[in-house]
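Visitor: For what it's worth, my numbering labels the leading residue of the sequence shown as 25, then goes sequentially.
Ideal Cβ positions, reconstructed from N, Cα and C, are used throughout, including at glycine.
Pasting in a structure now, in structure tokens, and then I'll have a few things to ask.
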Amino acid sequence: MSSLPILVLNSGSSSIKFSVYEAADGQRLKLHEGAVDGIGTDLGTFWIKDAAGKKLVDQTPALPTRAVAFALVADALHSGDFPAPVAIGHRMVSGGPTVQDNQRITPELIDEMEKYTAFAPLHTPIAVYIMREALRLFPSIPNFVILDTYFHRTMPEVARHMPIPSEYAEMGVRRYGAHGISYESIVYQLQPDVPQKLIVAHLGNGASISAIRNSECLDTSMGLTPTGGIISGTRTGDIDPGVLLFILRKIAETTPNSTEAADKLETVASKKAGLLGVSELSNDMRDLRDAIKTGNAKARLAVDKFTWTIAKWIGSFVAELNGLDMLVFTGGIGENDMDSRAEICAGLGALGIVLDATRNNVRGKAVISAENSQVKVRVIPPAEDLIIVNHVVRLLSK
Ligand code: AMP
Numbered sequence: 025m026s027s028l029p030i031l032v033l034n035s036g037s038s039s040i041k042f043s044v045y046e047a048a049d050g051q052r053l054k055l056h057e058g059a060v061d062g063i064g065t066d067l068g069t070f071w072i073k074d075a076a077g078k079k080l081v082d083q084t085p086a087l088p089t090r091a092v093a094f095a096l097v098a099d100a101l102h103s104g105d106f107p108a109p110v111a112i113g114h115r116m117v118s119g120g121p122t123v124q125d126n127q128r129i130t131p132e133l134i135d136e137m138e139k140y141t142a143f144a145p146l147h148t149p150i151a152v153y154i155m156r157e158a159l160r161l162f163p164s165i166p167n168f169v170i171l172d173t174y175f176h177r178t179m180p181e182v183a184r185h186m187p188i189p190s191e192y193a194e195m196g197v198r199r200y201g202a203h204g205i206s207y208e209s210i211v212y213q214l215q216p217d218v219p220q221k222l223i224v225a226h227l228g229n230g231a232s233i234s235a236i237r238n239s240e241c242l243d244t245s246m247g248l249t250p251t252g253g254i255i256s257g258t259r260t261g262d263i264d265p266g267v268l269l270f271i272l273r274k275i276a277e278t279t280p281n282s283t284e285a286a287d288k289l290e291t292v293a294s295k296k297a298g299l300l301g302v303s304e305l306s307n308d309m310r311d312l313r314d315a316i317k318t319g320n321a322k323a324r325l326a327v328d329k330f331t332w333t334i335a336k337w338i339g340s341f342v343a344e345l346n347g348l349d350m351l352v353f354t355g356g357i358g359e360n361d362m363d364s365r366a367e368i369c370a371g372l373g374a375l376g377i378v379l380d381a382t383r384n385n386v387r388g389k390a391v392i393s394a395e396n397s398q399v400k401v402r403v404i405p406p407a408e409d410l411i412i413v414n415h416v417v418r419l420l421s422k
């Protein structure tokens, strides 16, 4: 196979990350990576690094809109300073019930995925905007959508189905999960010795856990949207529906328009809750750990809630898997916060999980379990862009 520069686009609610990989004969070489961050602010950041980490672009532009942000990326890629891509892979959190396979993007496919914006309300609007712009600005090359939900498609019906009236289930309301590309990348990195019974905890600003049996997803904590599952930076995670009804009725007292009231409830549940809501301080684990050192009780409660919930989910997934061979931590907190790892594992001794305090004092890839632990515990950073490139290469060769 000849060499193929492939562009990966990965957008968040206020950022666009991208990378260019050279893909040839099974080799994957990252050539460049970059990001525009701070969309909606007067002082954003825009940088591009080469493979050695040298900054080729380093700017602090005003980023009033996502159009301004994406134009910076597109202009740089068109400048001739970087290799022209032969294909683009777009990360997409959810394509709804009708778009579940990674595939080539057409204008009709984008319209179809956009119908299910409510399934990933923080992510879908910017992702579909960028797909339309990429089709317009790079008309001669194929664009592919690579879905987070793809990894979770193997979940059995009993895990996917929600206990709701059938009429809503028929509208596509069920559990899809998220962070699937990260999970896929952990399984990929564990090859060829992927343990039969594996739990991966992706703990970042968004956090979720998956039970993986024989390399396939058996169950995952996130549900219809990334707001479900375990508590995360600004999201509730799973919660008694009565709590949402209580808050909705409170909001309705001053917001009679039902659509506006629903939007306000969404903001409460997905942007103001979680670690931020409980601590009233920050959604960032580093801030919370600093605050705990100064005796901040709300920060302590927020972090305890986080680690306690994760330990509970791990316990329930061990029951589903009927045992456990390996636990993997990934994501910004999973990779870097040894205190969270220690606190989560502290209550899991009965499941055969024993951490080694010295080994756990690490950032990045490592085995952190003690020799006598029945379950191997590892830290593995995700390699999402690599998985997107692999899918694009596979789809290009079809
Ligand atoms: P992500 O969404 O994967 O980028 O992860 C973001 C989360 O990782 C934030 O809560 C950060 O505070 C956390 N994080 C990143 N670096 C560290 C660190 N050195 N110690 C503790 N938490 C960290």
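(1) If I follow the unbroken beta strand (DSSP E) through R52, where does it start and stop?
(2) Would T173 and G204 be called neighbours here (beta carbons separated by less than 8 Å)?
(3) In three-state terms, what does DSSP make of Q213?
(4) Would you mind working out which of G50, L67, D49 sits nearest S38, comparing C-alpha positions?
(5) By the 10 Å Cβ neighbour count, where 16 or more other Cβ atoms means buried, how is N14 classified, buried or exposed?
(6) For D262, which residues from the same chain have a beta carbon less than 7 Å from its beta carbon, with the 5 sequence-adjacent residues on both sides left out?
(7) According to the Cβ coordinates, are I275 and K288 closer than 8 Å?
(8) Would you decide whether P187 is buried or exposed? Buried here means 16 or more other CB atoms lie within 10 Å of its CB.
(9) State the beta-bridge partners of I112 as determined by DSSP.
(10) Per DSSP, what kind of secondary structure is K73 in: helix, strand or coil?
(11) Excluding the five sequence neighbours on either side, which residues of its own chain have a C-beta within less than 6 Å of the C-beta of N385, listed in chain order?
(12) Expressed to the nearest angstrom, what Euclidean distance is found between the alpha-carbon atoms of G298 and V117?
(13) Using a Cβ-Cβ cut-off of 8 Å, state whether L305 counts as contacting chain D.
(14) In chain order, what are the residue ranges of uninterrupted alpha helix (DSSP H) at least 4 long that sit wholly in the region 269 to 338?
(15) So I40 is in the alpha helix (DSSP H); what residue range does that whole segment cover?
(16) Straight-line CA distance for G77 to I412?
Guide: The short version:
(1) In the DSSP assignment, R52 falls within the unbroken beta strand (DSSP E) covering 51 to 61.
(2) Contact: yes.
(3) Of the three classes helix, strand and coil, the one that applies to Q213 here is helix, per DSSP.
(4) Of G50, L67, D49, the residue nearest in Cα terms is L67.
(5) One cannot answer for residue 14 here, as it falls past the ends of the chain, which runs 25 to 422.
(6) In chain order, G252, G253 place their CB closer than 7 Å to the CB of D262, counting only its own chain and leaving out the 5 sequence neighbours on each side.
(7) Yes, Cβ-Cβ distance for I275 and K288 is below 8 Å.
(8) By the beta-carbon neighbour count (other beta carbons within 10 angstroms, threshold 16), P187 is exposed.
(9) L31, N167.
(10) K73: strand per DSSP, three-state reduction.
(11) Excluding sequence positions up to five before and after N385, its CB lies within less than 6 Å of the CB of M362, all in the same chain and listed in chain order.
(12) Rounded to whole angstroms, G298 and V117 show a C-alpha spacing of 20 Å.
(13) Any reference to chain D falls outside this structure, which holds one protein chain only.
(14) If we require 4 residues or more, the alpha helix (DSSP H) runs fully inside the region 269 to 338 come out as 282 to 295, 298 to 303, 309 to 317.
(15) Run containing I40: none in the alpha helix (DSSP H); it sits in the beta strand (DSSP E), 39 to 48.
(16) Their Cα atoms are separated by approximately 21 Å.
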